[in-house]
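Undergrad:
Below is the structure:
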């Protein structure tokens, strides 16, 4: 929930189309999307009514500090998220020869190392060596294949250790997060290969997929509401994005909450490690922090990771997962109902218990009607009713 006592109103740094939850323009009726037929879209997540809770994979990222330390001053341009765009695609500026060489390098270093499949290969050859002893003319001939396999697996193990230690160095040279395929905070637009679309035209769904063994997998899908405007070339598919976070279904709700706050120009940036170095570059966030509303040092996350052990960080992650799971995600109105005439009629139900509904078989769990919203001020009142750490 929002920590500020009054809405932020930054005048500079954002264009007219920047997204604001309290100023979503009127839109046309939501058409029936036949391209979604057959997909298991469990529930549609509400717009607005932020709870200020981030998914654990972002709140306590396991990799960001290593990347930040190595990349240094260039971190802004080589990270997935900064103050202006949340990139959705990597552009690799490398030739085909390098791609092929890297592919075989990873196969060798991971498949043949003693940390991977090396022990199995070594074991098979060791058994064969016993048979070779009886068939070979000398012990040298019998043990030669085993020696060769040992040398190959040993070399692969060395390569894998080097990869694990220095793989981050491949990041700057060979990976570049695209600025042209991203969620853009300052413009409120989603940039794609087929054009730019307003963020408020995408709806968030929890999609379930069933594995071959009957196991269920849930993911957060952002699907364009008006498929006739965004049909992909040479395909009948809708324009959509997949946000993957680990853990419970509540983590997917937290991811949607975080993405909305990231795009909302009336809100400060989500307080997560990946964006901390750029908070002063975003007008709304800078004003928020300078007013003392963040309540943390400017380098809070960097200092936390620098001074905490892996065991301490793991404990923080587990505690945060419990916090996300215990958050009450249901019972919130959807402010998009005020902007899309038939929005509520298209899907108004929500699970009574967010964490349980993914486990009950055949949708046996209880679904309730989402509360109706009468004005955006009602949603803002809900956001200001409590104080969750961002």
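In the numbering used here, the protein residues as written are 19 to 408. Every residue, glycine too, gets a C-beta built ideally from N, C-alpha and C. Remember, predicted model here, so these are calculated numbers, not experimental data.
#1: For the stretch 89–96 against the stretch 282–290, are there 3 or more C-beta pairs whose distance is under 8 Å?
#2: Kindly provide the ranges of any beta strand (DSSP E) runs that are 3 or more residues long and lie completely inside the stretch 242–308, ordered along the chain.
#3: Check whether the stretch 344–358 touches the stretch 308–318, counting contact only when three or more Cβ pairs, one atom from each stretch, lie closer than 8 Å.
#4: Taking just the CA atoms, how far does residue 215 sit from residue 272?
#5: Nearest-angstrom Cα distance between residue 132 and residue 74?
#6: Apart from the five residues just before and just after residue 368, which ones in its own chain have a Cβ nearer than 7 Å to its Cβ?
#7: Can you give the Cα-Cα distance for residue 379 and residue 335, rounded to whole angstroms?
#8: Between the alpha carbons of residue 343 and residue 310, how many angstroms are there, rounded?
#9: Are residue 213 and residue 37 close, meaning C-beta to C-beta below 7 Å?
#10: Could you check the C-alpha separation between residue 291 and residue 44 for me, to the nearest Å?
#11: Going by DSSP, which residues form a beta bridge with residue 146?
#12: Tell me the rounded alpha-carbon separation between residue 339 and residue 233.
#13: On the DSSP bridge list, what partners appear for residue 207?
#14: Would you call residue 325 buried or exposed, if buried means 16 or more other Cβ atoms sit within 10 Å of its Cβ?
#15: So, with DSSP's three-state summary, where would you put residue 392?
#16: When the Cα atoms are used, what is the spatial distance from residue 280 to residue 260?
#17: For residue 369, name the three-state secondary structure that DSSP assigns.
#18: Spell out a yes or no on whether the stretch 138–145 and the stretch 244–251 are touching, meaning 3 or more CB-CB pairs, one atom from each, closer than 8 Å.
#19: Should residue 151 be listed as close to the ligand HEM, given that the test is whether its C-beta is under 6 Å from any heavy atom?
#20: Please report how far the alpha carbon of residue 154 lies from the alpha carbon of residue 162, in whole angstroms.
#21: Considering only DSSP beta bridges, list what residue 228 is partnered with.
#22: For residue 177, collect the residues of the same chain with a Cβ closer than 8 Å to its Cβ; drop the 5 residues on either side in sequence, then sort them by chain order.
#23: Considering only DSSP beta bridges, list what residue 385 is partnered with.
#24: How would you write the range of the beta strand (DSSP E) that residue 104 sits in, first residue to last?
#25: Here's the rule I'm using: 16 or more other beta-carbon atoms within 10 Å means buried, otherwise exposed. How should residue 24 be labelled?
#26: Is it true that the CB of residue 298 sits closer than 7 Å to the CB of residue 267?
#27: Specify the secondary structure class of residue 68 as computed by DSSP and reduced to three states.
#28: How many angstroms separate the CA atom of residue 182 from the CA atom of residue 35?
#29: Measure the CB-CB distance between residue 275 and residue 71 and report whether it falls below 7 Å.
#30: Look at the Cβ atom of residue 199, then the Cβ atom of residue 278, and state whether they are nearer than 7 Å.
#31: Helix, strand or coil: which one does DSSP assign to residue 34?
#32: Drop a sphere of 10 angstroms on the beta-carbon of residue 372, count the other beta-carbons inside from all chains shown, and report buried for 16 or more, exposed for fewer.
#33: Note the first and the last residue of the continuous alpha helix (DSSP H) segment covering residue 325.
TA: Result, derived from the coordinates:
#1: Counting Cβ pairs under 8 Å, fewer than three are found: no touch.
#2: 258–261
#3: no
#4: 23 Å
#5: 32 Å
#6: 61, 348, 385, 386 and 388
#7: Below a pLDDT of 50, predicted positions are generally treated as unreliable, and residue 379, at 48, falls in that range; the measurement from the model is reported next regardless. About 29 Å.
#8: 29 Å
#9: Cβ distance not < 7 Å, so residue 213 and residue 37 don't count as in contact.
#10: 35 Å
#11: Bridge partners of residue 146: none, in fact.
#12: 22 Å
#13: 202 and 216
#14: Exposed is the call here.
#15: coil
#16: 16 Å
#17: strand
#18: no
#19: The model on display carries no ligand, and the ligand HEM is accordingly not part of it.
#20: 10 Å
#21: BP columns for residue 228 point to 234.
#22: 123, 126, 127 and 131
#23: 369
#24: 103–105
#25: At residue 24, the pLDDT of 48 sits below 50, so the modelled position is not reliable and the matter cannot be decided from this model.
#26: no
#27: Note: residue 68 maps to coil in three-state DSSP.
#28: 43 Å
#29: yes
#30: no
#31: coil
#32: Its Cβ being crowded by 16 or more others within 10 Å, residue 372 is buried.
#33: 318–325
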